[in-house]
Amino acid sequence: MTTLRAFTCDDLFRFNNINLDPLTETYGIPFYLQYLAHWPEYFIVAEAPGGELMGYSAAVLMLRMFTVMGKAEGSVAREEWHGHVTALSVAPEFRRLGLAAKLMELLEEISEKKGGFFVDLFVRVSNQVAVNMYKQLGYSVYRTVLEYYSASSGEPDEDAYDMRKALSRDTEKKSVIPLPHPVRPEDIE
């Protein structure tokens, strides 16, 4: 039976099977520790019966996304309070079991309880498997962010979709009305 539990510092030494996937964004240990210290309720891991990590999710509830680190600013009055999914990854051998959907559901529930207007995330335009999964979970493309993901090996940077799902507090669904034009990373508020 799969166990969903809070991420711990020890898990940093056990999640390479998840993070070594080429579509998973990886970060330095200080980044993960910052999330663990500031937003522990949003840092969840799925563990197999034998103790192997199957997947994890990390998110933050914030007023407005300003940098990739999730700096908070904005106001509830301007309806910017939201949950932001920073990372969602499932080890290849545990995919297609519904773990990603369950982890997203938990993050959405936490964001609802904290009074968020919506949940958002960034995903590579080329990652159609993930894009389709998020659409099945009720997310829609809010905007395209040009050259959001840095490329390696001399390839061009890759665009991202900023996908959103309105929560119950956004009764008019204003937070998911798509922008008519793409933006650049420095334009993200």
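Positions in the sequence shown are counted from 1; adding 467 to them yields the working numbering.
Idealized CB from N, CA, C, for every residue including glycine.
Subject >> Length of the line joining the Cα atoms of P516 and Y601 >> reply: 27 Å
Subject >> Unbroken beta strand (DSSP E) run spanning H505, endpoints >> reply: Taken as a continuous stretch (DSSP letters only), H505 belongs to no beta strand (DSSP E), being part of the alpha helix (DSSP H) at I496 to H505.
Original post:
Cβ of L634 less than 7 Å from any chain C Cβ?
Top reply: Of the protein chains in this structure there is only one, and it is not chain C.
Original post:
Since V612 sits in a beta bridge, which residues does DSSP pair it with?
Top reply: A627 and V650
Subject >> N- and C-terminal bounds of the alpha helix (DSSP H) containing E576 >> reply: L566 to K580
Original post:
In terms of residue numbering, what span does the beta strand (DSSP E) encompassing V586 cover?
Top reply: F585 to R591
Subject >> Run of the beta strand (DSSP E) containing V643, from where it starts to where it stops >> reply: Segment: none, V643 is in no beta strand (DSSP E) and carries neither H nor E.
Original post:
Any idea which residues DSSP pairs S607 with across the strands?
Top reply: R631
Original post:
Hey, how far is the Cα of H549 from the Cα of G621?
Top reply: 35 Å
Original post:
CA-CA distance, L479 and F510?
Top reply: 12 Å
Original post:
Are the Cβ atoms of D629 and Y609 separated by less than 7 Å?
Top reply: yes
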